[in-house]
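Visitor: Throughout, our numbering is defined as the position within the sequence shown, counted from one, plus 24.
Ideal placement from N, C-alpha and C gives every residue a C-beta, glycine not left out.
First the structure, then my questions, so here it is.
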Amino acid sequence: MISCYDITKELYSNYRKWNEKSLQERYKSLYNKITPVLHIEGQEEEIEEECEDDFDLE
Numbered sequence: 025m026i027s028c029y030d031i032t033k034e035l036y037s038n039y040r041k042w043n044e045k046s047l048q049e050r051y052k053s054l055y056n057k058i059t060p061v062l063h064i065e066g067q068e069e070e071i072e073e074e075c076e077d078d079f080d081l082e
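Shown next, in the form of structure tokens:
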């Protein structure tokens, strides 16, 4: 089993370019690899409900 830490460690250990464009590309790459690992069924609905409760102005 590979962890999110292992994924990021491997990607960053070989990473040499540190400019804005390359960091944005790296972010997208990491996000696309890690998000499915962390995904929990039904999680989106719970987060949306919590956000709605946090911003209720009534």
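Rounded to a whole number of angstroms, what is the C-alpha to C-alpha distance between asparagine 56 and isoleucine 31?
Guide: By 1-based counting over the sequence shown, the position of residue 56 is 32. By 1-based counting over the sequence shown, the position of residue 31 is 7. Computed Cα separation, rounded: 11 Å.
Visitor: Given this structure, state the Cα-to-Cα distance separating leucine 54 from asparagine 43, to the nearest angstrom.
Guide: Start at 1 with the first residue of the sequence shown, and residue 54 comes out as number 30. Start at 1 with the first residue of the sequence shown, and residue 43 comes out as number 19. Whole-angstrom Cα-Cα distance: 16 Å.
Visitor: How many angstroms separate the CA atom of lysine 45 from the CA atom of isoleucine 58?
Guide: Position 21 of the sequence shown holds residue 45. Position 34 of the sequence shown holds residue 58. Those two C-alpha atoms are separated by around 20 Å.
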